[in-house]
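In the numbering used here, the protein residues as written are -18 to 275.
All C-beta atoms, glycine included, are put in the ideal place defined by N, C-alpha and C.
Structure, as structure tokens:
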Amino acid sequence: MTVAIHIGYHKTATTWLQHRVFVPEMGFTPLLTHEEVDRLIVAPHDLDFDPAPAREALRWQGDGNPVVSSENLTGHPFFGGRQSATLARRLHQIAPDARIIVTVRSQEAMLPSVYMQYLQRGGTLSHPAFFAGSGGFGYPGFELAHFQYDRLIALYQSLFDTVHVMTHEQISADPTQALAELGAALGHDIPTLPPSGKTRVSASLPQAVAPLLRRINQTRRSTLNPVPALALSREPGWMYRALSFGAGRRLAKPLLTARPVDAYVKARLGGAFTDSNKRLDQITGGRLDLSRYP
């Protein structure tokens, strides 16, 4: 049976799709975990990559529609998504007849969400410094070009017969219609979501707490800051949990309306995507509602 491969992007309702849609109750059989995707597809060095182990792992003869879903297949957004084209070609070596699913999101909403995710992973840079990218020669950092979606989607269209693009905005506004269109692209009917299946699975912290979270991150060990000057906790740490849940969330509520990262992205960065979004509209046949895309 032909496998469907959902590559992300990050922060495009990927966790919701993985927990609510790509599950046996909805007619899908997930084949690889994030860890297995990393070990078999993402992590191997270019000189070591062998498609055979992943190809064998994707052989499926049972019931349900096999699917692999991992946003890591678009490359890492903190470091410019530098592997995205390599991963596309690796997937073609592994499963050349796969049906590809790509989820995108308006860059004016995507970039702030990626920055808040960076802070949740232990980052300490301010948002202007983060979006400025790497200042060191030969060291990758954030790159706006990673979010010019048309480039990667066009590559997948050159490699695979079926490339279905969904927007985060449609998934949020009308998940029933979004899944109906997905089912048509994959060649099978997806059941109607139960009411509980439409609820959000995860949400970012409010942007106004970003300066506080940056200070907290300087005192906890994390992937992005493994050796802080003063280590009070390990990621995610009690301080992050205090901001995320219960009383901490209520204390942050008065700050929820302040969205400094949104304002910065809209004023400084939105123009970087105009031509790309026009090309995205063209290569997807004009079927996507991109009215909220800069």
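Using alpha carbons as the reference points, say which of 76, 103, 38, 72 lies closest to residue 212.
-> 103
* Asked: Roughly how many angstroms lie between the CA atoms of residue 160 and residue 34, to the nearest whole one?
  -> 31 Å
My output table needs one value for residue 91: the three-state DSSP class, helix, strand or coil. helix
Exercise. Pick out whichever of -8, 169, 201, 210 has its Cα sitting closest to the Cα of residue 95.
Key: -8
- Query: What did DSSP end up calling residue 147 once you bin it into helix, strand or coil?
  - Reply: strand
Discussion item. Using a 10 Å radius around the Cβ and a threshold of 16 neighbouring Cβ atoms, would you call residue 270 buried or exposed?
Written reply: exposed
Helix or strand or just coil, what does DSSP make of residue 171? coil
Less than 8 Å between C-beta atoms, sequence neighbours within five positions excluded: which residues of the same chain meet that for residue 251? 88, 89, 275
Grab the span of the beta strand (DSSP E) containing residue 239 for me, first residue to last. Run containing residue 239: none; DSSP gives neither H nor E here.
(message) Based on DSSP bridge pairs, tell me the residues matched to residue 80.
(response) -15, 143
Quick one: grab the DSSP three-state call for residue 153.
helix
Check: Which residue or residues does DSSP assign as beta-bridge partners of residue 85?
Finding: 148
Work out the CA separation of residue 27 and residue 70 for me, nearest whole Å. 11 Å
Among 53, 18, 57, 24, whose alpha-carbon lies nearest the alpha-carbon of residue 39?
18
Out of curiosity, what's the CA-to-CA distance linking residue 278 and residue 118? This structure cannot settle anything about residue 278, because the visible part of the chain is limited to -18 through 275.
Checklist entry - So, using beta-carbon positions, are residue 176 and residue 7 closer together than 7 Å? => result no
On the CB-based measure, 16 or more other CB atoms within 10 Å of its CB, does residue 196 come out buried or exposed?
exposed
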